[in-house]
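If you're matching them up, the sequences are chains A and B in order.
Per the working numbering, the very first residue in the first sequence carries number 1; after that it's consecutive.
Per the working numbering, the very first residue in the second sequence carries number 1; after that it's consecutive.
2 protein chains.
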Amino acid sequence: MFFSTPLPLQSGAELTDYTLVYETYGTLNADHSNAVLVCHALNASHHVAGSYESGVKGWWDNMIGPGKPLDTDKFFVIGVNNLGSCFGSTGPMHANPATGKPYGANFPVVTVEDWVQSQARLADALGIQQFAAVMGGSLGGMQALAWSILYPQRLRHCVVIASTSKLTAQNIAFDDVARQAILTDPDFHGGDYYAHGVVPKNGLRVARMLGHITYLSDDDMAVKFGRDLRSGSYQFGFGIDFEIESYLRYQGDKFSEYFDANTYLLITKALDYFDPAKEFGGDLTKTLSNTRAQFLLVSFTTDWRFAPERSHEMVQALVNNKRTVTYAEIDAPHGHDAFLLDDQRYMNVVRSYFARVHEEIDGGSLKAGARA
Amino acid sequence: MFFSTPLPLQSGAELTDYTLVYETYGTLNADHSNAVLVCHALNASHHVAGSYESGVKGWWDNMIGPGKPLDTDKFFVIGVNNLGSCFGSTGPMHANPATGKPYGANFPVVTVEDWVQSQARLADALGIQQFAAVMGGSLGGMQALAWSILYPQRLRHCVVIASTSKLTAQNIAFDDVARQAILTDPDFHGGDYYAHGVVPKNGLRVARMLGHITYLSDDDMAVKFGRDLRSGSYQFGFGIDFEIESYLRYQGDKFSEYFDANTYLLITKALDYFDPAKEFGGDLTKTLSNTRAQFLLVSFTTDWRFAPERSHEMVQALVNNKRTVTYAEIDAPHGHDAFLLDDQRYMNVVRSYFARVHEEIDGGSLKAGARA
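Structure, rendered in structure tokens:
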């Protein structure tokens, strides 16, 4: 969907016009009360469910679809690709209308709140005044939380999975190392590598390898890879000795083939900047005092990127505001990545929650007044 | 000290000749029973204590010196720089006798055990048949442990601080990301950057930034830096926003000015390869069954690089062998770096331990027979 009205951004810059790519699943009901917006995390896209003819599956296909926890037989689900991405919505590799050349380094820094503003316009255009739920994991969870703050009346439920209301110093540190790997790659050319016919693959590869470590738990890595050797003995060189090296390098190589370096920079900045309590002197209770949604939060015990403590902080602040909160802490070994994996307890929590959301719609407890 | 006898290495390669740079503190007593060997970790050297005229302090100057926990009024302390280092002992930037040109990428991969062999020759040359103690933190602790396995009769005490008997998959993963940052830096030139008049600064900088994150605890970073901004507000660019970014980039820049990239590669490989139980089917108890030393192990609660669990494993294996083990787990907030810092409980543990070691020497309980 093309938007010709300029979008003012938190930085003070604006996008003169922009396109958002989105996918929908299921059918919007007559009173438009069954829409669920699914927000994506770092390297994902609008393709949240189903399979393309090419065989590419949606990134949350285990969660979303007919008969799945977020059941597209009952809900109208929207996956939207964020501004700055490299998967279709307006981003650094697209032409800057002011110059006719790719934005590159001139694409403005966008924030979680900017994304929510752009998504709100999409909702307007689709005739959705109020979402049954806005949902996301990790950076996607930040967007759901921001929706509940910026547009309290526009969502009845807010589903925040494996997320946080702000990054820790350690999180920011990892992001900055990744960015420095990209920014100092000679092929980065100050962000204008498109014009040079190259991409900063080495930097992007290192960034991804590092990121990947933080998505997995120490224990999970120990179980999956341990100290297993690729060829049974030490090579006494700097090639691949350990299986974990082989795995990470493969992940890094693959990522550097399809992901855009400017997008990586932008998305990690959006992560770092997200801190809605900043305007409220760091008081998360005050920050969430205007929210009206009900909340589901889920965290995973071995997630050291966005640890359960971060969810506890949000739950406490919501309880302080007497919001209705459901919180599940799943004892899963898979670290941050657990939010994308098939854990039956996790899936059942989400399934049960959305069954309740659907009852409100179907059972008639949802009156026009309740949604105002 | 120059050694003209070739040193066979675990890899099968050998060093035709080599130099070890070392420093000593205190006085070797008449029966040569008060010598303590101090082994260094990643970016340290033989300069363990005291100050040069330039003002450069030894890296463990808070621990070692007159009246300090390891008291150089009582002990003869030796700091030795490891092979492959960039601080004086034979390393990649030195001339390969076979070619007359710097070793560069041709410097052989050396292991913890290789270092111990080279150190044993130094001990021979200094007339030290048996150390009162061999001591080290982190990678230095691995060397102390290897001494106790390879030369059980040559040390009476083994002091292993903030260390492990083997790296986890996560440890190896971080090391490999650091190495990949260096290896893929175009200025690395396959390790022969000396000939090109450049150094792979960008790669080394990223490696150090990443390493630094793993030396600190999440909590400690939160306390020291939190989300503090350098200039009070977001800059909406990719310069420095947060204090933690400023700190890490500064550390990375400084490191890339003085440290050698080939040395970084070699030392991380030595870390990754260390796994003395490998030959014993992973059975650490069997591995340590020939040790004869008494042991002091220390770990720090917030050290997630070499967590207390790694020390527990070593303590258990030593107890299984009925070795005399003292173990202290210090509740310190500073992560892995704690082993270099002034925590009074930690310092007192080491002080008390060495007081006991000295009593054995001074009190005459140390008989020639007991040392054979």
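Think of the CB as a built atom: it goes at the ideal place given N, C-alpha and C, for glycine as much as any other residue.
Can you have a look at residue i and say buried or exposed, based on whether 16 or more other CB atoms are within 10 angstroms of its CB?
i	result
residue 291(A)	buried
residue 245(A)	buried
residue 280(B)	exposed
residue 200(B)	buried
residue 46(B)	buried
residue 250(A)	exposed
residue 372(A)	Interpretation of residue 372(A) is limited by its pLDDT of 39, a score under 50 that renders its predicted location unreliable; the figure taken from the coordinates is listed afterwards. Classification of residue 372(A): exposed, given that the 10 Å Cβ count is below 16.
residue 112(B)	buried
residue 348(A)	exposed
residue 153(B)	exposed
residue 322(A)	exposed
residue 273(A)	buried
residue 207(B)	buried
residue 220(A)	buried
For chain B, check one thing: does any of its Cβ atoms lie closer than 8 Å to the Cβ of residue i?
i	result
residue 165(A)	no
residue 237(A)	yes
residue 11(A)	yes
residue 222(A)	yes
residue 113(A)	no
residue 258(A)	no
residue 177(A)	yes
residue 152(A)	no
residue 232(A)	no
residue 180(A)	yes
residue 104(A)	no
residue 241(A)	yes
Apart from the five residues just before and just after residue i, which ones in its own chain have a Cβ nearer than 6 Å to its Cβ?
i	result
residue 339(A)	137, 161 and 162
residue 294(B)	157 and 324
residue 16(B)	6 and 97
residue 369(B)	Since pLDDT at residue 369(B) reaches only 47, below the 50 mark, its modelled position is unreliable, and the value read off the structure follows with that caveat. So no residue of the chain qualifies.
residue 129(A)	none
residue 276(B)	149 and 287
residue 351(A)	69
residue 58(A)	47, 48, 49 and 50
residue 296(A)	159, 326 and 353
Return the bridge partner residues of residue i from the DSSP annotation.
i	result
residue 57(A)	51(A)
residue 326(B)	296(B)
residue 301(B)	For residue 301(B), which the question treats as bridged, DSSP gives no partner whatsoever.
residue 18(A)	3(A)
residue 24(A)	78(A)
residue 8(B)	14(B)
residue 350(B)	DSSP output for residue 350(B) lists no bridge partner at all.
residue 38(B)	79(B) and 135(B)
residue 226(A)	DSSP, once it has assigned bridges, lists no residue as partnering residue 226(A).
residue 65(B)	71(B)
I'd like to know if residue i contacts chain A, where contact means its C-beta is closer than 8 Å to some C-beta of that chain.
i	result
residue 276(B)	no
residue 302(B)	no
residue 343(B)	no
residue 273(B)	yes
residue 209(B)	yes
residue 70(B)	no
residue 199(B)	no
residue 245(B)	yes
residue 186(B)	yes
residue 206(B)	yes
residue 251(B)	no
residue 298(B)	no
Using C-beta distances below 8 Å, list every residue in its chain close to residue i, excluding the 5 sequence neighbours before and after it, in chain order.
i	result
residue 67(B)	73
residue 319(A)	325
residue 102(A)	92, 93, 94, 95, 96, 192, 194 and 195
residue 230(A)	240, 241, 242, 243, 245 and 246
residue 18(B)	2, 3, 7, 83, 89, 90 and 118
Can you name, in chain order, every residue of its own chain whose Cβ lies under 7 Å from the Cβ of residue i, other than the five neighbours on each side?
i	result
residue 106(B)	96
residue 265(A)	179 and 182
residue 148(A)	155, 158, 291 and 293
residue 109(A)	11, 266 and 269
residue 146(B)	112, 113, 116 and 276
residue 168(B)	none
residue 127(A)	32
inquiry  = Going residue by residue through the region 87-175 of chain B, where are the continuous beta strand (DSSP E) segments of at least 3 residues, counting only ones entirely within it?
reply    = 131-137 and 155-161
task = Pick out the complete alpha helix (DSSP H) segments inside the region 233-295 of chain B, 4 residues or longer, and give them in chain order.
result = 243-258, 261-273 and 284-287
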